[in-house]
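Chains as they are written, first to last, in the working numbering: chain A, 860 to 1195; chain B, 71 to 455. Where a beta carbon is used, it is the ideal one built from N, C-alpha and C, also for glycine.
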Amino acid sequence: MNDTQTDMLADSVSRALGDVVTPRGTVEAEAKGIDAKAWNTLRALGLAGEDAATLSFEEQATVLEAIGYAAALVPYADSEAIARWLAHGVGFATSSEEVLAIVMASPNALSRQRIAWGRHSARTFFSYAEGGRNWVAVMSTAELALANGANLAGEPHDKCGVDRAQPTEVRAVSDEFSPAAVGQRGALCRGAAMLGAARKAQELTLQYAADRKQFGKPLAQFQMIQSYLAQMAGELSAASAIFATALRAAERGARASRVEAAAAKVRIGQAAHTITALAHQVHGAIGFTEEYSLQLWTRRLWAWREEFGNETDWARELGSAVIALGPDAYWERITQ
Amino acid sequence: MKFPRLPADNRLDAACRVLRAEVREFLRQELATGGFEPECDSWLRGFNREFTRKLGMRGWLGMTWPLRYGGQERSQRERYVVIEELLAVGAPVAGHWIAERQVGSSILRHGTEDQKQRLVPPIARGESIFGACYSEPDVGSDLASVKARAVRIDGAWKITGTKVWTSQGHNADHLFVLCRTSDGEGVKHRGLSMLIVAMPARGLTVRPIRLLTGEHHFNEMIFDDVEVPDSMVLGGEGEGWKIVTGDLAMERSGPERFMSTLPLLGEMIRKARAMPEDPRAQIAIGELVSRFWTLRSMSIGVAALMEQGYEPSVEAALVKDLGTRFEGDLAQAARLLFPMIPSLDSDDRFENFAAQAILHTPAYTLRGGTNEILRGIVARGLGVR
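The structure is reproduced here in structure tokens:
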């Protein structure tokens, strides 16, 4: 897909979500754990369900960025970009009607496990390694005895009520669908959504700094505030740049692009830290309220940076790969 | 801010790979035969006329310039390959850095045919070293208020004033001097001109300004009625501000703004590799590599914008702000990860590079525009200034 097509997709998803998603609506939807209007909109566009499986990862990343930007409370990443991709890849049939959950754990080790979007899902997929092999298992979510729970963004992270479960089907899978590869895809999905959320947080902050007056002039005219705004722009550009590098590398397959994905999740997580801190600092106390919408995006950034590996997890992985390569080969790898 | 994705270009990518292999092979041989000693901040510290000439002979200086002015008509991305390979190993590139990075392009953009033919090919051959004379004792970040004055005489100009922080001024063959040639009717950005002084020049005194390490790279340049013929005014009288801002955009755009301490990262990796597996080292090195990789992605985007004929001053300012902080943070991470006594006279390369990196830390976030000035430029790009 070229840049123009990507822009067109981004545009149409953004416009469609813009028509149905509102900050108030998202806050209210948190009680149910899903914004049904937004989810139905994506389904109507053919972005969720069996048709969605024809989308490239790059296209899915574009959709995710738009979802992050809109703060739409929908299970697109987990159900479509990860679980459905995995199911199709390893040969499990799925139907358009069902939401699919994905868990990075063995069904034999579910103590304290959370199932993202579990309450809305018909079936749960497990991606794990055991006995030196990679596995995907699937079962009905109903048997997991879930209790409601949420992440910092108010997205369902339901608590698993059993320590171990009996899947209906288990398959040994190739490296292409190993838990490492699935987790890597998950990390990039969170990264894409974080780009959208970070961009929105920055836009809100720029607007607020222009509108809000203190000491007789807009905040944006204070040099210290300008410096914060410039720093936010730098972090946002950094996050976008490394994500683009990781996305392009992903075309070579998961294994050959693992270090790029690692670098992206680390750097986007760092950017999220700075952007959320400065966005709130510029907004003052109003940004800390439920009523004002900034929190929808900062809470998303705080939640998503943890999921599918945080900065420490991925930095360690990247660092250990670099150390194993050594001082010459690491440079050759980065510049390949 | 726009950081475009690079258009896929298989032929160019293949050309870059071949070129990169050539540069690496050359550097391997130079290192093996003692052609240079690697170091941090080599684009300020590493002055080596012989090495500069060798690069010129291989066609690796002024690569993007037209063939008829000694260039190779290659892409910005190919030039990027060469300079990042040189910086990664800490090769001595200080001799030609300013001439190659900004002066040559400024002359090509603003010069007369005669200036282009006379001044540009020697830069591409690595035989002409330029010193940039912009700052003054009372003029730092507020560059438009320069006081050095050039006064018109018959067929020439006479420069009087003092310039500071001129890198390699004591080795230079030519100087690029920003002077006031009129009061600009009260607007300080007007009335500035860029004059080119050939060395040696009568009436010019060059005095070292030693760094806190005692090293001599910077100079104070005292002009006392230094005569410059009319033919050496670049782009005509009053064009100085336009030239210098374009010049600074180039000065700020390159990978040297985040690679000054990169040789130390290589030594960190070497050290970590020789030790038992340590999560602290893995995490610290992983974070640094992630930041470096990000900066490199952004910087290649800046090169692509230049290739498209766009002047990416805001994007360059943004990369430089992030990049120069990374340079200092790398030195900090190194010393906290592997306790040591950094020393310039250590025969352990890690301790030695760490000493160089730490002692040069103040420069990173100052030279070529302080980070405060850069953020101002970015804020203007955001429309809030």
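Distance, Cα to Cα, residue i vs residue j?
{"i": "B:E321", "j": "A:R1030", "result": "57 Å"}
{"i": "B:L464", "j": "A:S1086", "result": "In the structure displayed, chain B extends from 71 to 455; residue 464 of chain B sits before or after that span and is not available."}
{"i": "A:N899", "j": "A:S938", "result": "14 Å"}
{"i": "B:F288", "j": "B:K233", "result": "11 Å"}
{"i": "A:A890", "j": "A:E1094", "result": "32 Å"}
{"i": "B:V221", "j": "B:V267", "result": "14 Å"}
{"i": "A:N1169", "j": "A:Q1043", "result": "12 Å"}
{"i": "A:A1051", "j": "A:I1127", "result": "9 Å"}
{"i": "A:T1148", "j": "A:H1142", "result": "11 Å"}
{"i": "A:L1047", "j": "B:D184", "result": "54 Å"}
{"i": "B:P382", "j": "A:R902", "result": "41 Å"}
{"i": "A:S873", "j": "A:K896", "result": "14 Å"}
{"i": "B:G181", "j": "A:F916", "result": "49 Å"}
{"i": "B:E377", "j": "B:I443", "result": "25 Å"}
{"i": "A:A968", "j": "A:E1166", "result": "19 Å"}
{"i": "B:L334", "j": "B:L400", "result": "8 Å"}
{"i": "B:I191", "j": "B:E347", "result": "The residue asked about is misnamed: residue 191 of chain B is Pro in this sequence, not Ile. If you take the alpha carbons of B:P191 and B:E347, they lie about 52 Å apart."}
Tell me the residue span of the beta strand (DSSP E) that contains residue i.
{"i": "A:Y1151", "result": "Here A:Y1151 belongs to no beta strand (DSSP E), and DSSP marks it neither H nor E."}
{"i": "A:A1031", "result": "E1028 to V1032"}
{"i": "A:F1167", "result": "Here A:F1167 belongs to no beta strand (DSSP E), and DSSP marks it neither H nor E."}
{"i": "B:G439", "result": "No beta strand (DSSP E) holds B:G439; DSSP gives it neither H nor E."}
{"i": "B:H244", "result": "H244 to R250"}
{"i": "B:P299", "result": "H286 to P299"}
{"i": "A:A960", "result": "V958 to V962"}
{"i": "A:A911", "result": "That residue, A:A911, is in no beta strand (DSSP E); it is neither H nor E in DSSP."}
{"i": "A:S999", "result": "R992 to S999"}
{"i": "B:I223", "result": "R219 to I223"}
{"i": "B:F423", "result": "Here B:F423 belongs to no beta strand (DSSP E); instead the alpha helix (DSSP H) covers R419 to L429."}
{"i": "B:L274", "result": "L274 to R280"}
Would you mind stating whether residue i and residue j have Cβ atoms separated by less than 7 Å?
{"i": "A:E918", "j": "A:L868", "result": "yes"}
{"i": "A:P1026", "j": "A:P966", "result": "yes"}
{"i": "A:A1122", "j": "B:S360", "result": "yes"}
{"i": "B:A427", "j": "B:C110", "result": "yes"}
{"i": "A:T1000", "j": "A:S970", "result": "no"}
{"i": "B:V296", "j": "B:G310", "result": "no"}
{"i": "A:A1040", "j": "A:A1113", "result": "yes"}
{"i": "B:A403", "j": "B:A354", "result": "yes"}
{"i": "B:F328", "j": "B:L365", "result": "yes"}
{"i": "A:L959", "j": "A:G977", "result": "no"}
{"i": "A:V995", "j": "A:V1032", "result": "yes"}
{"i": "B:R445", "j": "A:A1089", "result": "yes"}
{"i": "A:L932", "j": "A:V922", "result": "no"}
{"i": "B:G201", "j": "B:L245", "result": "yes"}
{"i": "A:A1180", "j": "A:V1118", "result": "yes"}
{"i": "B:A351", "j": "B:A344", "result": "no"}
{"i": "B:A498", "j": "B:P278", "result": "No information on residue 498 of chain B is available, as it lies outside the stretch 71 to 455 that chain B covers here."}
{"i": "B:Q238", "j": "B:I177", "result": "no"}
{"i": "B:M269", "j": "B:D294", "result": "no"}
Quick check: is any heavy atom of the ligand SAM less than 6 Å from the C-beta of residue i?
{"i": "B:L388", "result": "The model depicted lacks the ligand SAM and carries no ligand whatsoever."}
Just tell me which of the options has its CA closest to the CA of residue i.
{"i": "A:F985", "options": "A:I893, A:W1156, A:E1028 and A:D1187", "result": "A:E1028"}
{"i": "A:G1055", "options": "A:M1091, A:P1077 and A:S1099", "result": "A:S1099"}
{"i": "B:G324", "options": "B:I193, B:L189 and B:A386", "result": "B:A386"}
{"i": "B:G371", "options": "A:K1076, A:A1097, A:V1032 and A:A1162", "result": "A:A1097"}
{"i": "B:T122", "options": "B:R147, B:L156 and B:Y150", "result": "B:L156"}
{"i": "B:P207", "options": "B:V448, B:W113 and B:M291", "result": "B:M291"}
{"i": "B:R94", "options": "B:V151, B:T134 and B:R119", "result": "B:V151"}
{"i": "A:R1175", "options": "B:E357, B:P412 and B:E377", "result": "B:E357"}
{"i": "B:S367", "options": "A:G1075, A:M1053 and A:F1102", "result": "A:F1102"}
{"i": "B:M338", "options": "A:R1049, A:P1077, A:A1144 and A:A1183", "result": "A:A1183"}
{"i": "B:S330", "options": "B:I153, B:G379, B:A85 and B:R147", "result": "B:I153"}
{"i": "A:T983", "options": "A:E989, A:R992 and A:T953", "result": "A:T953"}
Counting along the chain, where does the alpha helix (DSSP H) carrying residue i start and finish?
{"i": "A:Y987", "result": "Element bounds for A:Y987: not the alpha helix (DSSP H) but the beta strand (DSSP E), S980 to E989."}
{"i": "A:C1048", "result": "P1038 to D1070"}
{"i": "B:V257", "result": "Per DSSP, B:V257 belongs to no alpha helix (DSSP H) and is neither H nor E."}
{"i": "A:D878", "result": "D862 to V879"}
{"i": "A:G1093", "result": "Q1082 to A1109"}
{"i": "B:G160", "result": "Careful: B:G160 lies outside any alpha helix (DSSP H) and carries neither H nor E."}
The stretch 1133 to 1145 of chain A contacting the stretch 1063 to 1080 of chain A, beta-carbon criterion three pairs below 8 Å: By the Cβ test, the stretch 1133 to 1145 of chain A is in contact with the stretch 1063 to 1080 of chain A, since at least three Cβ pairs between them sit closer than 8 Å.
Cβ contact (3+ pairs, closer than 8 Å) linking the stretch 386 to 397 of chain B and the stretch 350 to 368 of chain B: Put simply, the stretch 386 to 397 of chain B touches the stretch 350 to 368 of chain B. At least three CB pairs are less than 8 Å apart.
Three-pair Cβ contact test at 8 Å for the stretch 169 to 188 of chain B versus the stretch 211 to 223 of chain B: Cβ pair count under 8 Å is below three, so no.
Three or more C-beta pairs below 8 Å linking the stretch 133 to 141 of chain B and the stretch 91 to 99 of chain B: Two segments are said to touch when three or more pairs of C-beta atoms, one from each, lie closer than 8 Å; by this definition the stretch 133 to 141 of chain B does not touch the stretch 91 to 99 of chain B.
Cβ contact (3+ pairs, closer than 8 Å) linking the stretch 1159 to 1167 of chain A and the stretch 1118 to 1132 of chain A: Flag = yes, the stretch 1159 to 1167 of chain A and the stretch 1118 to 1132 of chain A touch.
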